[in-house]
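Protein chains in written order, with my numbering: chain V, 1135 to 1720; chain B, 1135 to 1720. Notes for the one structure printed next.
Number of protein chains: 2
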Amino acid sequence: MKASAYLIPTAKEDPQDAVVASHKLMMRAGLVRKSAAGLYSYLPLGLRILKKIEGIVRSEMDLAGALEFQLPILTPSEIWKESGRWDKMGKEMFRLKDRHDNESCLGPTHEESFCVLVKPMVRSYKDLPINVYQIHTKFRDEIRPRFGVIRSREFTMKDAYSFHLDDESLDKTYQTMRKTYRRIFAGMGLSTIPVQADSGNMGGSASEEFMVVSPIGEETLTICPSCQYSGNIEKTPVILNPKSSKQPFVGSEKIHTPAKKTITEVAEFLKTKEENLLKAVALWADGTYVLVFLEGDRELNENKLKNHLGCNELRPMGPKEMETLGLVPGFIGPGFPKSVNLKVIIDSLIDWNFAYISGANEVDYHTSGIQISKFFKDDEVSKIDVSQAIEGDPCPNCGTGLTAEKGIEVGHIFKLGQKYSKAFDITVLNDKGKSTTTTMGCYGIGVNRCMATVIEQCNDDKGIYWPVSIAPFTVCLVSIAKNPEDIAKIESIYKALVAAGIEVLWDDRDLGPGFKFKDSELIGFPIRLTLGKGFLEKGEITILDRKSMVEETVPFTTNEDLVGKLQNQIQALHETLKKEVEQAGI
Amino acid sequence: MKASAYLIPTAKEDPQDAVVASHKLMMRAGLVRKSAAGLYSYLPLGLRILKKIEGIVRSEMDLAGALEFQLPILTPSEIWKESGRWDKMGKEMFRLKDRHDNESCLGPTHEESFCVLVKPMVRSYKDLPINVYQIHTKFRDEIRPRFGVIRSREFTMKDAYSFHLDDESLDKTYQTMRKTYRRIFAGMGLSTIPVQADSGNMGGSASEEFMVVSPIGEETLTICPSCQYSGNIEKTPVILNPKSSKQPFVGSEKIHTPAKKTITEVAEFLKTKEENLLKAVALWADGTYVLVFLEGDRELNENKLKNHLGCNELRPMGPKEMETLGLVPGFIGPGFPKSVNLKVIIDSLIDWNFAYISGANEVDYHTSGIQISKFFKDDEVSKIDVSQAIEGDPCPNCGTGLTAEKGIEVGHIFKLGQKYSKAFDITVLNDKGKSTTTTMGCYGIGVNRCMATVIEQCNDDKGIYWPVSIAPFTVCLVSIAKNPEDIAKIESIYKALVAAGIEVLWDDRDLGPGFKFKDSELIGFPIRLTLGKGFLEKGEITILDRKSMVEETVPFTTNEDLVGKLQNQIQALHETLKKEVEQAGI
């Protein structure tokens, strides 16, 4: 492709609304343009990258035996009502009515649609397992779209759904998808960590997110430096650190703590550690009142609590509700008036015999020497892990102190179990002729987000450096020649490259060399070939490796010679990536 | 691909709601499934075909120098208001509100979006011409979706938009697109006729539709059997046939025609030809009252009238409106009470001096001997062509009698002119540094509709026969073998075909040969290779050409020998198509 016939609308300045590198660089390199909040247009260069990413996803999914479909974006409300998600999905779902007043939504995910479609096609255990997928546009009405295409309202997603006779078969496909995902991401140059994750409103028994470590990540993951463990912090089990020990507070039993309501305020006021205090969190969960006790330095992990309670809505109790139950806001302690209407949960980190400081159930007073065991019987309360993990907590596998990192989620796999197969009554006859409800898995990848994430990992002060597998063009040929004879020489090289199947962008624009160099470094073609003065005078070419910025000047005899040299260099880039893919898929 | 690992949900029975061949066959061959009214899911086999069609469109567009983009489906109402189409598009546009109550629509077409996107990228005449396109999902809330994917509510469209400094440049790209379109359609085996068309609410000066002649077509086209002329009947000029002559009705001047209101009733009652009567059509057009006179055997062409009046809404006048104007419903003749509030239009076919029969402006009476010239002065009325062409009308080019055919529209190209460039103020500096408003073209292809149209053209009583370029697989290998040794033999042939780059579906399902043969003929793979008894016993293979259903039994020595034979046959199919493409693009 000649740049003069192409569109390369690069910009020097970062766009005002961009705060992360990928967003800035996608705009500056002319890959995308914003059309409205959370809506982006892909320009030719950007679309080439996106299509290559799609290509990698497709070929690995096909290799894993999945079958590609394409389903409508518009999905009728009926099927969402059948699964019970029409109301649950809330405001993130774009809804609309057609001219006959029938309600639909723009599919944010397609469990329902695929269930309805696949159901009549699977009748016998012989038809299973089946893994179906599509690469198509999805919609989510994000409350706050941001980071460019990382959190947008319209995006391309690869979503796959597998159907099985039993859990064993589901696990097999789940493990295959796990490997496939690692291969897919490695294939586009992304290093990912699969982490234990929460299933959210998808239902199901197990799920893993594929995380790319990045300071701009919206998720926090815990990683064990010695074993293979990694988890989303929302899901990381917190276990007691056997090495930790603490000194109880020594002082008067009833303490006047005027206007000291928060743990931090009280600890500072009493000059003690926060862990010596008891934190009480009063909540409303789907109509039930819940009171949770945690150690003072811990935050409540709402996901853990929600999963334990099996509730949909969780919110703090209001002052009036607390009053009705006899709870004193800011000063709740284990001696609160017990009630059948109030469920008590004691975080598993709490030492039942340690003497904590807690609220005195009286305004402006705390009490010390509070032992949980004196207030509750074992079977009266739930003792479960509801605290958020923090850096240094013991690894749930091996006990080593965990580290915490920010991560971007690029993929997510779920064991859905029978949630949807039951809702849509997807049964097959097993090998004994008995009708059996199928079980399901689902597997998603955010395609556009992958593109942005690669940029987050592959950028420097000059711009982007694309992994060879998804670069918009492999080679950028920069030429500076004015007279027809020189141009003809360069054109013959360009043609030789194209004929050899090398994806080359020849920057033949009527611009100075500095401008062309900067553009090629900003956009990030893996290899730059300069045919400048050295070429015209001495027959030398300069080859730049964009990632390392190492430049080499090589003589060459014929066009074939040059093509061969370039092919070797490109081949080497592919080989490196291929090794990473093989490594990742183990 | 092995059929046992694929999805081939064929059916014997036609679906109940399908009335046309393509709809029936797409369902029966397991290419698509209906998810709701006008919404279809593509199954793996169907999607392969769709992607191949997209591939042909993409490669020809790229060859013609167009640049591929991808724009959001959600388009904000603001840009539609800027062009004035937010209200005009009516109920065909799916509209919705986001969580912040901002209005959007699901783009049915993208003139507005591309204008906003391209505007800042073109500053100088040097940036022009530019032709941008996308292949993406579009939405139209059809009042009556039908014929399967031919008229659906969600579909894939290739839409392109070109921007130019002047009309000359626009015309050049328009002609290129015209050729490109013919190549595209020929490339998928479709024989198309470009016909003069009406621009509808797109605005602009010229447009052509690419029609495939088919009895299920929703459009009527007129074709001249001697010259190159062809037109949409909505746009076909009607000129006086110099050979036609007629005899005026002889009888009493005022005729009692009790309860005879329609032209047919009156003509039958008076035993005269309909062409001897004057037809009066009373209408309301954007607030203006219009009375049109036509010869009795002609229908009003509303598009012609709309274009002449430049109006948006046209409807018959109501009885009360007619009464106010002094018009007698069913009996209007040229002697009606003239009024400044009533615009009169005389169809250009009318002979001003012929003695017609017309309504007598009195209930139950007609008058004969009515000469238009006695009632109107030349400058008092509009004399224009507003009648619908009929078979036998003279060709507007050469005068030969036109034939009429039904056609399916698969593509449409428009010279838009400055309608959108003005609305979005898209200007560039010309070579003299003067700011100049650009002019535009736009070019659309219905991708899914192409798929259905190919089936309409390529089917027989057994099913579909796909042109080689868009067949889901080129070769279907049917094997009937049970013992491992035979299966291994067949597998080695299958692998040799795959290794040679031949797209082959090996029907290794545990089904009888008759079932497999029927499936392969229904789905329509161009070539079927049978490795049955003849192969296992005598080393013979049977090759079937699906289109002609000619079967040939050939001996072969090695796998390479077989691969070579097949490659020749496939090559021949491609060559034939290629010739048609070259021919079409001239």
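We put the CB at the ideal spot given by N, CA and C, even for glycine.
Residue burial classification, residue i (beta-carbon count within 10 angstroms, cutoff 16)
| i | result |
| --- | --- |
| V/His1546 | buried |
| B/Ala1706 | exposed |
| B/Thr1458 | exposed |
| B/Phe1297 | buried |
| B/Cys1361 | exposed |
| B/Arg1317 | buried |
| B/Leu1165 | buried |
| V/Asn1437 | buried |
| V/Cys1358 | buried |
| B/Arg1583 | buried |
| V/His1708 | exposed |
| V/Val1474 | exposed |
| V/Asn1495 | buried |
| V/Asp1527 | buried |
| V/Pro1468 | buried |
| B/Glu1513 | The amino acid occupying residue 1513 of chain B in the given sequence is Asp; Glu does not appear at that position. Per the 10 Å Cβ criterion, exposed. |
Residue-level contact to chain B via CB, residue i, 8 Å cutoff
| i | result |
| --- | --- |
| V/Gln1204 | yes |
| V/Leu1197 | no |
| V/Thr1271 | yes |
| V/Asp1232 | yes |
| V/Ser1193 | no |
| V/Met1255 | yes |
| V/Lys1158 | no |
| V/Lys1225 | yes |
| V/Glu1288 | yes |
Beta-carbon contacts of residue i that lie in its chain and below 6 Å, excluding the five residues immediately before and after
| i | result |
| --- | --- |
| B/Thr1687 | Glu1674 and Thr1676 |
| B/Asn1487 | Gln1505 and Ser1507 |
| V/Lys1395 | Gly1464 |
| B/Phe1320 | Sequence inspection shows Ala at residue 1320 of chain B; the Phe mentioned does not correspond to that position. Around B/Ala1320: Glu1714, Val1715 and Ala1718. |
| V/Gly1666 | Ile1614 |
| B/Gly1460 | Pro1471 |
| V/Arg1167 | Ser1175 |
Element boundaries [beta strand (DSSP E), containing residue i]
| i | result |
| --- | --- |
| B/Gln1309 | That residue, B/Gln1309, is in no beta strand (DSSP E); its alpha helix (DSSP H) goes Asp1301 to Gly1321. |
| B/Ile1484 | Note, B/Ile1484: premise wrong, no beta strand (DSSP E); not H, not E. |
| V/Ala1163 | No beta strand (DSSP E) holds V/Ala1163; DSSP gives it neither H nor E. |
7 Å Cβ shell around residue i - same chain, five flanking residues per side excluded
| i | result |
| --- | --- |
| B/Arg1182 | Pro1606 |
| B/Phe1228 | Cys1239, Leu1240, Phe1273 and Asp1275 |
Min CB distance residue i to chain V below 8 Å
| i | result |
| --- | --- |
| B/Ser1296 | no |
| B/Ile1284 | no |
| B/Ile1183 | no |
| B/Asp1221 | no |
| B/Ala1170 | yes |
Start-to-end residues for the alpha helix (DSSP H) that takes in residue i
| i | result |
| --- | --- |
| B/Pro1222 | For the sequence presented, residue 1222 of chain B should be read as Lys rather than Pro. Taken as a continuous stretch (DSSP letters only), the alpha helix (DSSP H) holding B/Lys1222 covers Arg1219 to Lys1222. |
| B/Met1135 | B/Met1135 -> no alpha helix (DSSP H), and no H or E assigned at all. |
| V/Gly1545 | Run containing V/Gly1545: none in the alpha helix (DSSP H); it sits in the beta strand (DSSP E), Thr1537 to Gly1551. |
| B/Asn1437 | Glu1436 to Leu1443 |
| B/Thr1458 | Pro1453 to Leu1459 |
| B/Tyr1628 | Pro1618 to Ala1633 |
Cβ-heavy atom distance, residue i to the ligand FMN, below 7 Å
| i | result |
| --- | --- |
| V/Val1424 | By its list of ligands, the structure shown contains no ligand whatsoever, and the ligand FMN lies outside what it can speak to. |
Specify whether the stretch 1426-1433 of chain V and the stretch 1404-1415 of chain V touch according to this definition: at least 3 beta carbon pairs, one from each stretch, less than 8 Å apart.
yes
Is the stretch 1651-1665 of chain V in contact with the stretch 1609-1621 of chain V, if contact means three or more CB pairs nearer than 8 Å?
yes
For the stretch 1517-1524 of chain V against the stretch 1475-1492 of chain V, do three or more pairs of beta-carbon atoms, one drawn from each stretch, fall closer than 8 Å, so that the two count as touching?
The stretch 1517-1524 of chain V vs the stretch 1475-1492 of chain V: in contact.
Counting Cβ pairs closer than 8 Å, one from the stretch 1412-1426 of chain B and one from the stretch 1337-1353 of chain B, do we hit at least three?
no
Would the stretch 1546-1561 of chain V count as touching the stretch 1387-1404 of chain V if we require 3 or more Cβ pairs under 8 Å?
no
Report yes or no: do three or more beta-carbon pairs, one from the stretch 1254-1274 of chain B and one from the stretch 1293-1309 of chain B, lie closer than 8 Å?
yes
Do the stretch 1204-1215 of chain V and the stretch 1234-1243 of chain V meet, that is, are 3 or more Cβ pairs less than 8 Å apart?
yes
If you pair each beta-carbon of the stretch 1633-1645 of chain V with each one of the stretch 1694-1702 of chain V, do three or more pairs fall below 8 Å?
yes
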